[in-house]
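Just below is one structure, and these are the notes that go with it.
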Amino acid sequence: MSSAEHSNIHRYLDDAFAGLPMNAELQDLKEEIRSNMQSRVAELEGQGVAPAAAAATAIDELGDVRAIIGDSGAGTNEGSNAGSNGRTAGTVAEHLAAHAANKVRPRPGFVTGTVLLSVIALAALLLFVLVLGDHGSPAPAVLFGFALAMCTGAITAWSLQQETSQNYPLPRRRALGYGAAAAAAVGLCLCALVAVAGTGLLVAGIFVVLGATVGFIRLGLSQTNRRKPWVRAMARDYQAQDRFTQDPVAAARFGIYTAAIWILAIAVFIWLTFTLGWGISWLALLTGLALFLVVLARMLFPAGEAERRQAKRE
Amino acid sequence: MVQNPSESPPQSEPFAADLLRGHTDTIVLGVLRGAESYGFEIYKTIRDATGGLYEIKEATLYATYRRLVKDGLVEASWGDETQGGRRKYYRITDAGRAVYAKNVQSWTATQRIINTLLNVKGGTP
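Chains as they are written, first to last, in UniProt numbering: chain V, 1 to 314; chain U, 1 to 125.
In structure tokens:
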């Protein structure tokens, strides 16, 4: 790659983005377009196209770059407006409409199936406890434990595969992974109980729990978004509407107040317990809780805030 | 949607480009279904899959990426290339997979209906 053709792309992009207020989003877009164009130019040059012609082709193939920029500018404006205006009656109505439009009813087959599985799991648990109680043979205990673990896994996997109003279903393999990990975790707990009857099971149980932990960690780390767009849009609208996000100083003050209130309440509680006994001392904790709630309310909804905000807007 | 006026209606392409363009989101989701990828690679995959017949404008793709990211169907992250420009990688999310499956289903149904209405049998009129 020569530098001449490089400067060609760079100059083109600089021109296209010239005079725009560069925010992080636009900077990102420019960098992305630049790297993709470089790849395209490299490909063309590999086919024996002259550098200048390659750059010209890449620019031509890009299409109308101002249109993309225009879109992104409009997008950021929209976002900031929603942030400053806050929740209006219109957006609330919109959210309600979105919820109604996206309502998903649980499938009857799934509901009956999970209820049945739960009943089986419960029966298995009861039998398991009974068998374990009389210190009988571990074989039936293992059998019931296995049934219980399987039911748990099946319910988990099946539930995750259901589409809900807020979430898309999880892909089959991932759901099965969660189910297997859940089953393994339950299996381990039961194995630990059965361990009274034999150490071999305990060793097996430890391996199972290790597998379950690793499985959960892997699934959790690789988990991606499955929220539906309307839920995300709603979260965006409500984001940073509460006082603590808008005013970190208030949040810090509240944290210190909380610590002070509870330290005091617990100290008084301990003191009263030793001097006057349990009958009275619990009142200290109750007072602490009431005080905490009052402070929380004062912090979230300060007096005269509405008027002040009104004044600031005008 | 970005449309280049010079390539609209009386065109020599043997297919309906605007119809294809309407499915850009789903096509990109389909490309990303296998593995994460970056802009130029996605562009190349689409171009090569159609044998170079259909060259989507890259500008259209950028608009698509932004929409998909905003809707949470795709996640974007910068790669850590040591040489050359950094690449922005796109990865499909579970929501993206679900939307892809739904769109493919509705396309299959639509295609069947259109074929029936046009009296198509085996691809020839």
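Where is the CB? At the ideal position from N, CA and C, for every residue including glycine.
A quick note: this is a predicted structure, and the numbers were derived from the prediction, not measured.
With a threshold of 8 Å on Cβ separation, who are the neighbours of V:ALA123 within its own chain once the five nearest residues in sequence on each side are excluded?
As a working mapping, residue 123 of chain V is identified with position 123 in the first sequence. Nothing listed; no residue qualifies.
V:GLY177 at chain U interface by Cβ criterion, 8 Å:
Residue 177 of chain V sits at position 177 when you count from the first residue of the first sequence. Not closer than 8 Å to any Cβ of chain U, the Cβ of V:GLY177 fails to qualify, so no.
What whole-angstrom Cβ distance do V:ALA260 and V:GLY215 have, given they're in contact under 8 Å?
Along the first sequence, read from residue 1 onward, the residue named residue 260 of chain V stands at position 260. Along the first sequence, read from residue 1 onward, the residue named residue 215 of chain V stands at position 215. Contact doesn't hold; Cβ gap of about 44 Å is too wide.
Under 8 Å by Cβ, that's how I've got V:THR273 and V:SER281 pegged, so tell me the actual separation to the nearest angstrom.
Here the question's residue 273 of chain V lines up with position 273 in the first sequence. Here the question's residue 281 of chain V lines up with position 281 in the first sequence. At roughly 4 Å, the Cβ-Cβ gap stays under 8 Å, so V:THR273 and V:SER281 are in contact.
Any 3 or more C-beta pairs closer than 8 Å across the stretch 232-250 of chain V and the stretch 182-192 of chain V:
no
Exposed or buried, which one is V:PHE301 when buried takes at least 16 other CB atoms within 10 Å?
By 1-based counting over the first sequence, the position of residue 301 of chain V is 301. Burial call: exposed.
Identify, in the order they occur along the chain, each residue of the same chain with its Cβ nearer than 7 Å to the Cβ of U:ALA101, setting aside the five sequence neighbours on each side.
Residue numbering aside, residue 101 of chain U sits at position 101 when the second sequence is read from its first letter. For U:ALA101, where only same-chain residues beyond five positions count, there are no Cβ hits under 7 Å.
Following the continuous beta strand (DSSP E) through V:ILE263, name the residue where it begins and the one where it ends.
For the purposes of this step, residue 263 of chain V is taken as residue 263 along the first sequence, with counting starting at 1. Careful: V:ILE263 lies outside any beta strand (DSSP E), inside the alpha helix (DSSP H) at 248-275.
Report the option in U:PHE40, U:TYR54, U:VAL69, U:HIS23 whose CA atom is closest to the CA atom of V:GLU25.
Against the first sequence, residue 25 of chain V aligns to sequence position 25. Per the Cα distances, U:VAL69.
What's the gap between the Cα of U:LEU117 and the Cα of U:GLY52?
For the purposes of this step, residue 117 of chain U is taken as the residue at position 117 of the second sequence. For the purposes of this step, residue 52 of chain U is taken as the residue at position 52 of the second sequence. The alpha-carbon atoms of U:LEU117 and U:GLY52 are separated by roughly 30 Å.
Any beta carbon from chain U within less than 8 Å of V:ARG226's own beta carbon?
Looking up residue 226 of chain V in the first sequence gives position 226. Closer than 8 Å: yes.
Out of U:GLU55, U:LEU19, U:GLY96, which has the shortest C-alpha to C-alpha gap to U:THR110?
The count along the second sequence starts at 1 and reaches residue 110 of chain U at position 110. U:THR110 has its Cα closest to that of U:LEU19, out of U:GLU55, U:LEU19, U:GLY96.
Per-residue contacts from U:THR93 into chain V (C-beta, under 8 Å)
To locate residue 93 of chain U, count along the second sequence from 1; it is residue 93. The contacting residues are THR224, ASN225, ARG226.
Evaluate V:SER39 with the Cβ neighbour count: other Cβ atoms within 10 Å of its Cβ, from every protein chain shown; 16 or more gives buried, anything less gives exposed.
Counting from 1 along the first sequence, the entry for residue 39 of chain V is found at position 39. Classification of V:SER39: buried, given that the 10 Å Cβ count is 16 or more.
Fully enclosed by the stretch 23-108 of chain U, which alpha helix (DSSP H) runs are 4 residues long or longer?
24-34, 39-49, 58-70
Alpha carbon to alpha carbon, how far is V:LEU96 from V:ASN225? Give it in angstroms, no decimals.
Start at 1 with the first residue of the first sequence, and residue 225 of chain V comes out as number 225. Start at 1 with the first residue of the first sequence, and residue 96 of chain V comes out as number 96. Between V:ASN225 and V:LEU96, the C-alpha separation is close to 22 Å.
Does the ligand FAD have even one heavy atom less than 7 Å from the beta-carbon of U:ASP71?
Questions concerning the ligand FAD fall outside what the structure shown contains, since it holds no ligand whatsoever.
Exposure of V:PHE207, with buried meaning 16 or more beta-carbon neighbours within 10 Å:
Here residue 207 of chain V is taken as the residue at index 207 of the first sequence, counted from 1. So V:PHE207 ends up on the exposed side.
For V:GLY211, the nearest candidate out of V:TYR178, V:ALA233, V:TRP230 (CA to CA):
For the purposes of this step, residue 211 of chain V is identified with residue 211 of the first sequence, where counting begins at 1. It is V:TYR178.
Short of 6 Å in beta carbon distance, which residues of its chain neighbour U:ALA95, apart from the five on each side in sequence? Order them along the chain.
Sequence index remark: in the second sequence, residue 95 of chain U carries index 95 (1-based). GLY72, LEU73, listed in sequence order.
8 Å Cβ cut-off: residues of chain U touching V:PRO248
Within the first sequence, numbered from 1, the residue matching residue 248 of chain V stands at position 248. Simply none; closest approach about 27 Å.
Between U:ARG87 and chain V, is any beta-carbon pair separated by less than 8 Å?
Taking the first residue of the second sequence as position 1, residue 87 of chain U is located at position 87. Yes - at least one Cβ of chain V is within 8 Å of the one on U:ARG87.
Using the beta-carbon of each residue, which ones in chain V are nearer than 8 Å to U:GLU75?
Position 75 of the second sequence, counted from the start, is the residue given in the question as residue 75 of chain U. Under the 8 Å cutoff, chain V gives THR224, ASN225.
is_contact[V:LEU29, chain U] using C-beta, thresh 8 Å
As a first step, residue 29 of chain V is located in the first sequence; it is residue number 29 there, counting from the start. So, interface residue.
Less than 8 Å between the C-beta atoms of U:TYR43 and U:GLU58, yes or no?
One-based indexing of the second sequence puts residue 43 of chain U at position 43. One-based indexing of the second sequence puts residue 58 of chain U at position 58. A contact, by the Cβ cut-off of 8 Å.
Count the other C-beta atoms from every protein chain shown that fall within 10 angstroms of the C-beta of U:ASP25, then say buried if there are 16 or more, exposed otherwise.
Numbered from its first residue, the second sequence carries residue 25 of chain U at position 25. Buried, because 16 or more other Cβ atoms sit within 10 Å of the Cβ of U:ASP25.
Buried or exposed (CB count within 10 angstroms, at least 16 for buried), U:PRO5
Numbered from 1 along the second sequence, position 5 holds the residue referred to as residue 5 of chain U. The pLDDT assigned to U:PRO5 is 45, lower than 50, so where the model puts this residue is not dependable, and the model offers no usable value.
Environment of V:LYS228 [buried if 16+ CB atoms lie within 10 Å]:
Working through the first sequence from its first residue, we reach residue 228 of chain V at position 228. Buried, because 16 or more other Cβ atoms sit within 10 Å of the Cβ of V:LYS228.
Just tell me which of V:GLU43, V:ILE69, V:ALA55 has its CA closest to the CA of V:ASP22.
Taking the first residue of the first sequence as 1, we reach residue 22 of chain V at position 22. Position check: residue 22 of chain V holds Met in this sequence, whereas Asp was assumed. The residue with the shortest Cα to Cα distance from V:MET22 is V:ILE69.
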